[in-house]
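Residue numbers (the working numbering), protein chains in the order written: chain C, 1 to 236; chain S, 237 to 410.
Yeah, the Cβ is synthetic: ideal placement off N, Cα and C, and Gly gets one too.
What follows is a short report on a single structure.
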């Protein structure tokens with residue numbers, strides 16, 4: 001059996017855990033260098049968890065609870081999950097969570113004095129189809145303050161978690177919205193050194209996804225690590 | 237094609253995803269040696285990390301409809317995570333191959349203040365294969381122990397994770 005390892009991330013395209021402008025990184029980032037596996041990636045890194053569809057029901061609509069419409073601007077987010085060689089990842093799980101239209105999470109630790117919405121919870125799970133496509137309906141999340149620095153506000157964003165085809169492809173990220181003036185001020189957005197890599201976290205407005213008389217559409221593609229060019233031969 | 241999408245922190249509100257059932261990997265009926273794995277997460281000041289998301293993934297036993305091989309736990313007010321899982325057997329270097337690593341579990345640590353998750357491993361004190369495991373053998377004596385869980389009571393294993401500073405856990409570049 002031959003399994004091809006996932007290739008390393010391109011320099012500068014991933015954020016640094018030591019990002020002083022994001023204060024919470026200060027005491028949480030390792031100071032020792034990361035240790036490379038002497039064998040390269042092994043079964044532990046190359047294989048994925050198994051999420052049987054029957055045990056993980058999908059829910060592609062965050063915009064209502066018990067049939068009641070949430071407050072805010074209804075949007076559709078759609079796109080594909082691909083690897084760095086453009087190969088789609090079919091049937092992969094995407095978890096989604098976000099604040100409501102007022103910028104408040106339905107979470108006990110969120111004390112921002114903005115209203116909760118009884119018709120918005122803000123968590124969902126979808127799977128990609130055969131061609132790696134996904135889509136869901138939600139409410140555009142609001143900006144909210146945080147205590148990182150004076151007058152700090154997070155830009156509008158949606159959180160995502162993806163699993164991919166091997167645990168080394170695991171990705172947790174945030175998607176932003178075009179034209180948001182808070183992006184330039186956000187240390188989390190700026191923790192990724194490469195400007196092109198950062199800007200790929202911004203969704204694109206898409207009139208083709210927009211549904212008349214219903215919801216604005218945004219396109220956002222996820223790219224997971226590609227496979228290396230050199231096959232990893234079984235030493236057995 | 238563009239490069240891989242940049243990671244972003246999981247933040248303090250990831251518990252919207254939390255399902256406490258996911259801490260028990262045996263919940264779908266998988267059979268094997270049931271163990272509990274617990275530990276706490278400590279930052280560079282020795283403070284407890286109480287808002288972390290700890291993900292557990294193990295390639296052994298092999299995945300099936302009764303066994304995802306995956307769990308997720310929140311750290312609590314004491315900075316503790318706790319899983320119930322099956323004790324892994326030896327893990328092949330290459331999937332399906334015959335060259336083995338010592339039994340181990342993979343942990344991924346996500347938290348506010350971590351822009352990208354940290355990968356580490358949990359090995360088990362007393363396993364004969366530990367002496368030949370490629371990763372354990374490559375680590376200096378002073379750091380190897382940060383990856384080896386101790387059995388506190390029958391079937392209760394513990395490994396604390398130190399994000400930074402004295403006794404810093406070995407984190408992996410995968």
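Neighbourhood of residue 201(C) in chain S, by CB distance below 8 angstroms: 241, 242 and 244, in chain order.
If you look at residue 133(C), you'll find it isn't in any alpha helix (DSSP H); it sits in the beta strand (DSSP E) that goes 133-139. DSSP places residue 145(C) inside the beta strand (DSSP E), whose first and last residues are 144-146.
Every beta strand (DSSP E) of 3 residues or more that sits fully in the stretch 293-361 of chain S is shown, in chain order, as 306-310, 316-322, 340-346 and 354-360. In this structure, the beta-carbon distance from residue 340(S) to residue 328(S) does not fall below 8 angstroms. If the five residues before and after residue 264(S) are omitted, its C-beta is found closer than 6 angstroms to the C-beta atoms of 302, all from its own chain and listed in chain order. Counting of Cβ neighbours within 10 angstroms places residue 373(S) among the exposed residues, the total staying below 16. Under DSSP, the beta-bridge partners assigned to residue 79(C) are 134(C). Contact note: residue 38(C) reaches chain S through 370, 371 and 374, using a C-beta cutoff of 7 angstroms and chain order. Here residue 366(S) is buried, its C-beta having at least 16 other C-beta atoms within 10 Å. Across the structure, residue 40(C) and residue 121(C) are spaced so that their CA atoms are roughly 41 angstroms apart. Between residue 201(C) and residue 173(C), the CB-CB gap stays under 8 angstroms. Chain S places a beta carbon closer than 8 angstroms to that of residue 123(C), counting this residue as a contact. In this structure, residue 250(S) sits away from residue 307(S), with a CB-CB distance that is not shorter than 8 angstroms. Counting along the chain, residue 378(S) sits inside the alpha helix (DSSP H) bounded by residues 377-380. The C-alpha of residue 248(S) lies about 17 angstroms from the C-alpha of residue 124(C). Bridge partners of residue 289(S) according to DSSP: 310(S) and 346(S). Under DSSP, residue 157(C) shares a beta bridge with 176(C).
Residue 364(S) sits in a helix when the DSSP states are folded into three classes. Among the residues facing chain S, residue 17(C) is included, as its CB has a counterpart in that chain under 8 angstroms away. Between the stretch 62-70 of chain C and the stretch 191-207 of chain C there are fewer than three C-beta pairs closer than 8 angstroms, too few to call the two in contact. The beta carbons of residue 376(S) and residue 337(S) sit about 19 angstroms from each other, so the pair does not count as a contact at 8 angstroms. The Cβ atoms of residue 368(S) and residue 385(S) lie no closer than 8 angstroms to each other.
Residue 321(S) and residue 163(C) have their alpha carbons spaced roughly 20 angstroms apart. Residue 227(C) is outside the set of residues whose beta carbon lies under 8 angstroms from a beta carbon in chain S. A distance below 8 angstroms between beta-carbons, with the five flanking residues on each side excluded, links residue 227(C) to the following residues of its chain, in chain order: 4, 5, 6, 7, 83 and 85. Not flagged as an interface residue toward chain S: residue 206(C), since no C-beta distance is shorter than 8 angstroms. Secondary structure at residue 269(S): coil, using DSSP grouped into helix, strand and coil. DSSP lists 125(C) as the bridge partner or partners of residue 59(C).
The bridge partners DSSP lists for residue 398(S) are 278(S). Burial state of residue 287(S) is buried, judged by a 10 Å Cβ sphere holding 16 or more other Cβ atoms. Of the candidates 147(C), 137(C), 169(C) and 167(C), 137(C) places its Cα closest to the Cα of residue 62(C).
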